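Residue 79 in UniProt numbering sits at position 79 of the sequence shown, with consecutive numbering throughout.
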Amino acid sequence: MPRPRKYRMIQSEFGISFFGPKGIPMHELEMTALSHEEVEALRLTDLEGLYQEEAAQEMGVSRPTFGRTLISARRKLADALINGKGLQVAGGSYMIAGHPVICRHWHRRGRHGWRGGRGERS
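In structure tokens:
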């Protein structure tokens, strides 16, 4: 059984979910899927100008994991731009920073969620 995937912290969900070349209907485009955490990795490094170490801390992952996420995002983005594909932002394994989570076992609400810690009863 594979190890469960760790949730990545993102600032917010990306507001736009589809991008494509102008003049081509979306149903005719070949699509490339970009996850929410890949968009967040692009935002932190390319828009905010953070180094990978700082950006990894923001997302709550290791620097090597962040680097792999960033490489994947840049590869998908370049493929879509160069080959005229559509981009779909969807899915991923993430939590929005600052939002409370619900403990899967004890059904408690709090910033620690299923990792332990104290929280209010829901």
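We put the beta carbon where it would ideally sit given N, CA and C, even for glycine.
Just so it is clear, the structure is predicted and the values come from calculations on it, not from any experiment.
How close, in whole Å, do the beta carbons of residue i and residue j come, if the pair is a contact with beta carbons under 8 Å?
| i | j | result |
| --- | --- | --- |
| V89 | I16 | 7 Å |
| F66 | A55 | 6 Å |
| L44 | E58 | 6 Å |
Name the DSSP beta bridge partners of residue i, please?
| i | result |
| --- | --- |
| T32 | L87 |
Would you report the Cα separation of residue i and residue j, rounded to the nearest angstrom?
| i | j | result |
| --- | --- | --- |
| Q52 | A41 | 9 Å |
| E38 | K85 | 17 Å |
| P64 | L34 | 19 Å |
| M26 | N83 | 15 Å |
| R74 | P4 | 25 Å |
| S72 | H36 | 12 Å |
| K22 | L50 | 32 Å |
| A78 | G60 | 26 Å |
| M1 | L70 | 26 Å |
Return the chain-ordered list of same chain residues with a C-beta closer than 6 Å to the C-beta of residue i, the five sequence neighbours on each side being excluded.
| i | result |
| --- | --- |
| M31 | G86 and Q88 |
| R68 | none |
| K76 | T32 and L34 |
| F19 | L87 |
Within its chain, find whatever has a CB closer than 7 Å to the CB of residue i; leave out the 5 residues flanking it on each side and keep chain order.
| i | result |
| --- | --- |
| L29 | G20, K85 and G86 |
Identify, in the order they occur along the chain, each residue of the same chain with its Cβ nearer than 8 Å to the Cβ of residue i, setting aside the five sequence neighbours on each side.
| i | result |
| --- | --- |
| S62 | A56 |
Check: Along the chain, which unbroken stretches of the beta strand (DSSP E) at least 3 residues long are found entirely within the segment 38-89?
Finding: 86-89
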